[in-house]
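So the structure is just underneath, and the comments pick up after that.
4 protein chains.
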Amino acid sequence: MSRAAPEAKQRFSIFYTVPTRWADNDIYGHANNVVYYAWFDTVVNRFLIEEGGMTPGVDTVVGYVVSSSCEYFAPVTYPEELELGLRVTRLGSKSVTWEIGVFSAGSDTSAALGRFTHAFVDRVTGGSAEIPAGIRRAVEALPTAP
Amino acid sequence: MSRAAPEAKQRFSIFYTVPTRWADNDIYGHANNVVYYAWFDTVVNRFLIEEGGMTPGVDTVVGYVVSSSCEYFAPVTYPEELELGLRVTRLGSKSVTWEIGVFSAGSDTSAALGRFTHAFVDRVTGGSAEIPAGIRRAVEALPTAP
Amino acid sequence: MSRAAPEAKQRFSIFYTVPTRWADNDIYGHANNVVYYAWFDTVVNRFLIEEGGMTPGVDTVVGYVVSSSCEYFAPVTYPEELELGLRVTRLGSKSVTWEIGVFSAGSDTSAALGRFTHAFVDRVTGGSAEIPAGIRRAVEALPTAP
Amino acid sequence: MSRAAPEAKQRFSIFYTVPTRWADNDIYGHANNVVYYAWFDTVVNRFLIEEGGMTPGVDTVVGYVVSSSCEYFAPVTYPEELELGLRVTRLGSKSVTWEIGVFSAGSDTSAALGRFTHAFVDRVTGGSAEIPAGIRRAVEALPTAP
Numbered sequence: 034m035s036r037a038a039p040e041a042k043q044r045f046s047i048f049y050t051v052p053t054r055w056a057d058n059d060i061y062g063h064a065n066n067v068v069y070y071a072w073f074d075t076v077v078n079r080f081l082i083e084e085g086g087m088t089p090g091v092d093t094v095v096g097y098v099v100s101s102s103c104e105y106f107a108p109v110t111y112p113e114e115l116e117l118g119l120r121v122t123r124l125g126s127k128s129v130t131w132e133i134g135v136f137s138a139g140s141d142t143s144a145a146l147g148r149f150t151h152a153f154v155d156r157v158t159g160g161s162a163e164i165p166a167g168i169r170r171a172v173e174a175l176p177t178a179p
Numbered sequence: 034m035s036r037a038a039p040e041a042k043q044r045f046s047i048f049y050t051v052p053t054r055w056a057d058n059d060i061y062g063h064a065n066n067v068v069y070y071a072w073f074d075t076v077v078n079r080f081l082i083e084e085g086g087m088t089p090g091v092d093t094v095v096g097y098v099v100s101s102s103c104e105y106f107a108p109v110t111y112p113e114e115l116e117l118g119l120r121v122t123r124l125g126s127k128s129v130t131w132e133i134g135v136f137s138a139g140s141d142t143s144a145a146l147g148r149f150t151h152a153f154v155d156r157v158t159g160g161s162a163e164i165p166a167g168i169r170r171a172v173e174a175l176p177t178a179p
Numbered sequence: 034m035s036r037a038a039p040e041a042k043q044r045f046s047i048f049y050t051v052p053t054r055w056a057d058n059d060i061y062g063h064a065n066n067v068v069y070y071a072w073f074d075t076v077v078n079r080f081l082i083e084e085g086g087m088t089p090g091v092d093t094v095v096g097y098v099v100s101s102s103c104e105y106f107a108p109v110t111y112p113e114e115l116e117l118g119l120r121v122t123r124l125g126s127k128s129v130t131w132e133i134g135v136f137s138a139g140s141d142t143s144a145a146l147g148r149f150t151h152a153f154v155d156r157v158t159g160g161s162a163e164i165p166a167g168i169r170r171a172v173e174a175l176p177t178a179p
Numbered sequence: 034m035s036r037a038a039p040e041a042k043q044r045f046s047i048f049y050t051v052p053t054r055w056a057d058n059d060i061y062g063h064a065n066n067v068v069y070y071a072w073f074d075t076v077v078n079r080f081l082i083e084e085g086g087m088t089p090g091v092d093t094v095v096g097y098v099v100s101s102s103c104e105y106f107a108p109v110t111y112p113e114e115l116e117l118g119l120r121v122t123r124l125g126s127k128s129v130t131w132e133i134g135v136f137s138a139g140s141d142t143s144a145a146l147g148r149f150t151h152a153f154v155d156r157v158t159g160g161s162a163e164i165p166a167g168i169r170r171a172v173e174a175l176p177t178a179p
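Residue numbers (my numbering), protein chains in the order written: chain A, 34 to 179; chain B, 34 to 179; chain C, 34 to 179; chain D, 34 to 179.
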């Protein structure tokens, strides 16, 4: 069973702090596998809003998630201040693939590594759409991690 | 329909920062009424762990929520860094009632005001139990808001 | 500390089945106090959609939750098929107060009793609004519980 | 960008009904990508409890999720009664990989296709552990889909 390995913190382009919540923990006292995806959504949409000019509820071209995945290397818990690193691994004309590293405080090795692909859609026509210019510029402006 | 009024920020004893998450928003673009209770759980349990010595998954005397309520005065959204103020409105021998104010950045008036009561239970016997000494001391050490 | 008592199943007007989910359980192995409110939202909105003609994302007059509360009498867990009973305790011109009983299978006594008030708002003007006619008719058609 | 295709309903071994909840919907009026994983957890754990004899909170050997993924083919919404099909795609000595198809009512083609791997761990020693006998028997008893 080959699987992705933990990733180094320096290999991400931009970071966001995500404190865990009490409800993130499951019956085993660790953050449940599901909530990692809620953290991923949170940092990617924050990037889209703050750097790419996205306006949820107003934009007609929006990104729908068409695939997602995550590998879990070490547990995280509540309370904890996580650092989430974001990078783009593929920029197409109509889709973007994001990769997110989850780092516990003081750790340079990811506790988890997730990714998902946004395919852009015109909500009026229902058809696929070019990535909005502001989002494309924001992605292209991200520093390339070594 | 009489209902509680927004509360001033200075009337809380201790504050915690809770950033909203993408999934907190519902179809109307505001934080859904449900997630406020997840924020409340998050700040009260953080107080219990950091100030009161609670160790989830180890302690045999734990607090069960027997009632909760919230009034919503103004919408909050994502992304936003909320300040949550905590105070204790009733300290019994076997129960504590917490009150939590939700404040948007720069606002001195609560966007919401919630509360819930923890009744302490011995998980082994199933019976009601005295508030653990560490938690009682932490509550008594809270500054009284004017 | 006076508080509401469990309520009999026969005193509700309409019922919906809500199976619990794995993530409803918290570290203590019971449904967390927060998720009850997600169940309440689920049954009330289902009533509004199926009986009251509500169309989320299309309607301009929508109900915002201005207050909510719940008392918890007995734990529920996962997996379990809950029966949720719904009734209206107050019907104003611009607001409705819902009450919801949570029943474990085979039990005639509520494990929890919650309520919340919807105030209707015109999303275009931002002002308060009359309850839409379809919703008013649906509420008035509910059988009165004894 | 090659990706998995929708899967036929007949190719799953066992089915569970999962009604969507109001909070499953995001700002775009569709079930958010995150909640699919909560549905997956719900059906797999139900299988483990009902067929495999798992007792959460009591068992010392438990399955931790080490990887998960999902492809989304067609939106689902609230309210809707989903049928989730479950099958096992890999049964090792210490891990199981589950695959879950999400089906809207009346559809024979999956709206989404997810999977995750449970690695079993002894909570006392922290080391990896053999799959408990009851769970192994339940997996081996699953009908093989064509």
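Ideal Cβ positions, reconstructed from N, Cα and C, are used throughout, including at glycine.
Treat the numbers as computed from the prediction; the structure is a model and nothing was measured.
Nearest-angstrom beta carbon gap, residue 58 of chain D and residue 70 of chain A [assumed within contact, 8 Å]: Here residue 70 of chain A refers to the residue found at position 37 when the first sequence is read from its first residue. Here residue 58 of chain D refers to the residue found at position 25 when the fourth sequence is read from its first residue. Contact flag wrong, Cβ pair sits at about 16 Å.
Measure the CB-CB distance between residue 166 of chain C and residue 128 of chain C and report whether it falls below 9 Å. Sequence index remark: in the third sequence, residue 166 of chain C carries index 133 (1-based). Sequence index remark: in the third sequence, residue 128 of chain C carries index 95 (1-based). Not in contact: residue 166 of chain C and residue 128 of chain C (Cβ atoms no closer than 9 Å).
Member of C:64, C:139, C:124 whose CA lies at the smallest distance from the CA of residue 164 of chain C: For the purposes of this step, residue 164 of chain C is identified with residue 131 of the third sequence, where counting begins at 1. Checked all of C:64, C:139, C:124; the closest Cα to residue 164 of chain C is C:124.
Compare the C-beta of residue 92 of chain C against all C-beta atoms of chain D and say whether one is closer than 9 Å. What you label residue 92 of chain C is simply residue 59 of the third sequence in a count that begins at 1. Output row for residue 92 of chain C: interface = no.
Is residue 111 of chain D near residue 144 of chain D, with beta carbons less than 9 Å apart? One-based indexing of the fourth sequence puts residue 111 of chain D at position 78. One-based indexing of the fourth sequence puts residue 144 of chain D at position 111. Contact flag unset, no.
Backbone secondary structure at residue 78 of chain A - three-state DSSP: Position 45 of the first sequence, counted from the first residue, corresponds to residue 78 of chain A. DSSP places residue 78 of chain A in helix when its eight states are reduced to three.
Residues of its chain near residue 189 of chain A, where Cβ-Cβ distance is below 8 Å and the 5 sequence neighbours each way are ignored: Not covered by the structure: residue 189 of chain A. The range shown for chain A is 34 to 179.
Residue 78 of chain B versus chain A: which residues are under 7 Å apart at the beta carbon? Within the second sequence, numbered from 1, the residue matching residue 78 of chain B stands at position 45. Result: 55.
With 16 as the cutoff for other CB atoms within 10 Å, does residue 38 of chain A come out buried or exposed? Locating residue 38 of chain A in the first sequence gives position 5, where the first residue counts as 1. Exposed, by the Cβ-count rule.
How about residue 34 of chain B: is its C-beta nearer than 9 Å to some C-beta of chain C? Within the second sequence, the letter at position 1 stands for residue 34 of chain B. Below a pLDDT of 50, predicted positions are generally treated as unreliable, and residue 34 of chain B, at 42, falls in that range; no measurement from the model is reported.
Rounding to the nearest angstrom, what Cα-Cα distance links residue 131 of chain B and residue 80 of chain B in this structure? The count along the second sequence starts at 1 and reaches residue 131 of chain B at position 98. The count along the second sequence starts at 1 and reaches residue 80 of chain B at position 47. Going from the Cα of residue 131 of chain B to the Cα of residue 80 of chain B covers about 11 Å.
Could you tell me which residues DSSP puts in a beta bridge with residue 28 of chain D? In the structure as shown, chain D starts at 34 and stops at 179, and residue 28 of chain D therefore has no counterpart that could be examined.
Could you pull out every residue in the same chain whose Cβ sits closer than 6 Å to the Cβ of residue 249 of chain C, ignoring the five residues on either side in sequence? No answer is possible for residue 249 of chain C: it lies beyond the span of chain C, which begins at 34 and ends at 179.
Do you know how far the Cα of residue 99 of chain B is from the Cα of residue 61 of chain C? Counting from one through the third sequence, the residue named residue 61 of chain C turns up at place 28. Counting from one through the second sequence, the residue named residue 99 of chain B turns up at place 66. Approximately 14 Å between the Cα atoms of the pair.
In or out: residue 34 of chain B buried (at least 16 other Cβ within 10 Å) or exposed? As a first step, residue 34 of chain B must be located in the second sequence, where it is residue number 1. In this prediction, residue 34 of chain B has a pLDDT of 42, which is less than 50 and means its spatial position is unreliable; what the coordinates show is noted afterwards. Exposed, since its Cβ has fewer than 16 Cβ neighbours within 10 Å.
Go through its chain and collect everything with a Cβ distance to residue 96 of chain D's Cβ below 6 Å, but skip five positions before and after it. As a position in the fourth sequence, residue 96 of chain D is number 63, starting the count at 1. Same-chain partners within the cutoff: 151, 153.
Check the Cβ of residue 75 of chain A against every Cβ in chain B and list those closer than 7 Å, keeping chain order. Position 42 of the first sequence, counting from 1, holds the residue named residue 75 of chain A. Correct list: 54, 55.
Since residue 136 of chain D sits in a beta bridge, which residues does DSSP pair it with? Residue mapping note: residue 136 of chain D aligns to position 103 of the fourth sequence, counting from 1. D:116.
May I ask you to report which of helix, strand or coil DSSP gives residue 35 of chain B? As a first step, residue 35 of chain B is located in the second sequence; it is residue number 2 there, counting from the start. Model confidence at residue 35 of chain B stands at a pLDDT of 46, short of 50, so the residue's coordinates are unreliable and nothing is read from them.
Which whole-angstrom value describes the C-beta separation of residue 74 of chain A and residue 72 of chain B, a residue pair presumed to lie in contact below a C-beta threshold of 8 Å? Taking the first sequence and counting its residues from 1, one reaches residue 74 of chain A at position 41. Taking the second sequence and counting its residues from 1, one reaches residue 72 of chain B at position 39. Between residue 72 of chain B and residue 74 of chain A the Cβ distance is about 18 Å, and since that is not below 8 Å, they are no contact.
Taking only beta carbons into account, state which residues of the region 93-105 of chain C come closer than 8 Å to chain B, listed in chain order. 95, 97, 98, 99, 100, 101, 102, 103, 104, 105
Have a look at C:40, C:44, C:50 and flag the residue whose alpha-carbon is nearest the alpha-carbon of residue 114 of chain C. One-based indexing of the third sequence puts residue 114 of chain C at position 81. The candidate whose alpha carbon is nearest that of residue 114 of chain C is C:50.
On a CA-only basis, which of A:170, A:46, A:53, A:40 is nearest residue 109 of chain A? Give me that one, please. Taking the first residue of the first sequence as position 1, residue 109 of chain A is located at position 76. Answer by Cα proximity: A:53.
With DSSP as the reference, identify every bridge partner of residue 46 of chain D, one or two as the case may be. Sequence index remark: in the fourth sequence, residue 46 of chain D carries index 13 (1-based). For residue 46 of chain D, which the question treats as bridged, DSSP gives no partner whatsoever.
Residue 52 of chain B bridges to which residues according to DSSP? On the second sequence, position 19 is the one that residue 52 of chain B refers to. In the DSSP output, where bridge partners are listed per residue, residue 52 of chain B has B:114.
Which residues mark the beginning and the end of the alpha helix (DSSP H) in which residue 198 of chain C is found? No information on residue 198 of chain C is available, as it lies outside the stretch 34 to 179 that chain C covers here.
Under the assumption that residue 193 of chain C contacts residue 84 of chain C (Cβ atoms under 8 Å), give the Cβ distance between them as a whole number of angstroms. Only positions 34 to 179 of chain C appear in the structure, and residue 193 of chain C is not among them; the question remains open.
Outcome for residue 107 of chain D when other beta-carbon atoms lying within 10 angstroms are tallied against a minimum of 16: By one-based count along the fourth sequence, residue 107 of chain D stands at place 74. When all chains shown are included, residue 107 of chain D counts as exposed.
In whole angstroms, what is the alpha-carbon distance linking residue 64 of chain C and residue 169 of chain C? Reading the third sequence from its first residue, position 31 is the one you call residue 64 of chain C. Reading the third sequence from its first residue, position 136 is the one you call residue 169 of chain C. Computed Cα separation, rounded: 33 Å.
So is residue 67 of chain C in contact with chain B if we call contact Cβ pairs under 9 Å? Position 34 of the third sequence, counting from 1, holds the residue named residue 67 of chain C. For residue 67 of chain C, the answer is yes, since a Cβ of chain B falls inside 9 Å of its Cβ.
Tell me whether residue 83 of chain D sits in a helix, a strand or coil according to DSSP, three-state version. Locating residue 83 of chain D in the fourth sequence gives position 50, counting from the first residue. In the structure shown, residue 83 of chain D sits in a helix (DSSP, three-state: H, G or I).
Looking only at its chain, what residues have a beta carbon closer than 6 Å to the beta carbon of residue 176 of chain A, apart from the 5 residues adjacent to it on each side? For the purposes of this step, residue 176 of chain A is taken as residue 143 along the first sequence, with counting starting at 1. Once the five neighbours on either side are set aside, the close Cβ partners of residue 176 of chain A are 46.
When the Cα atoms are used, what is the spatial distance from residue 90 of chain D to residue 174 of chain A? Within the fourth sequence, residue 90 of chain D is the residue found at index 57, counting from 1. Within the first sequence, residue 174 of chain A is the residue found at index 141, counting from 1. Rounded to the nearest angstrom, the two C-alpha atoms are 48 Å apart.
Which one of A:142, A:120, A:141, A:140 has the shortest CA to CA distance from residue 76 of chain A? Taking the first sequence and counting its residues from 1, the one referred to as residue 76 of chain A is at position 43. Checked all of A:142, A:120, A:141, A:140; the closest Cα to residue 76 of chain A is A:120.
Output needed for residue 82 of chain A: all residues of its chain with C-beta closer than 8 Å, excluding positions within five of it in sequence on either side, in chain order. In the first sequence, counting from the first residue as 1, residue 82 of chain A sits at position 49. The residues are 88, 89.
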